[in-house]
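K.L.:
Taken in order, the sequence shown gives residues 1 to 132; the numbers are from my numbering.
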Amino acid sequence: TMILQKITKILLASTLLFSSCSKKDNQAPEISFVEPAMSMYAIGATVPLQLHIEDDEELHGVDIHITNEVNSEMIMMSWDHIHEGHLMVDTSFVAHLDTSVKLMTNYLIHVEAEDASGNKADVSMSVHIMGM
1 TMILQKITKI LLASTLLFSS CSKKDNQAPE ISFVEPAMSM YAIGATVPLQ
51 LHIEDDEELH GVDIHITNEV NSEMIMMSWD HIHEGHLMVD TSFVAHLDTS
101 VKLMTNYLIH VEAEDASGNK ADVSMSVHIM GM
């Protein structure tokens, strides 16, 4: 029984050691807009899009959908299998609008990020586009 007690103690100690090592990541990524800094742009303008996306562990994927609310045209961007804790998106899009239909529109910028543990975050912002 002395050997059995030693084995039980060793098993208990190793179980505690392993369970303390595997921590559950339940924190969603953080998404912050740097650009667009203005809320209004002219038709035909290049609208800057700059984002910081961070996670305490590891990012897996980021999707960006930019929708013209007049005609529902959508620009989509995706990053998969990032495997880093930080992603900086630095790009732009051109504010198109058929002025024979409308003189102004909003572009809705919707960003979704997911980390390696499946935690998700999403943020949206809107920019107003008009004929100057």
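Note that beta-carbon positions come from the ideal geometry of N, C-alpha and C, so glycine has one too.
1) Of the residues P48, G44, V34 and H60, which one's Cα is nearest the Cα of S117?
2) List the DSSP bridge partners of E30.
3) Using 10 angstroms around the beta-carbon of N26, count the other beta-carbons present and answer buried if the total reaches 16, otherwise exposed.
4) Note down, in chain order, each residue of its chain lying with its Cβ closer than 6 Å to the Cβ of T67, except the 5 sequence neighbours on either side.
5) Just checking my contact of G44 with A95 at CB under 8 Å: how many whole Å lie between their CB atoms?
6) Pick helix, strand or coil for I82, following the three-state DSSP scheme.
7) Tell me the rounded alpha-carbon separation between D63 and S78.
P.N.:
In terms of the structure at hand:
1) H60
2) E54
3) exposed
4) M74 and L108
5) 7 Å
6) coil
7) 5 Å
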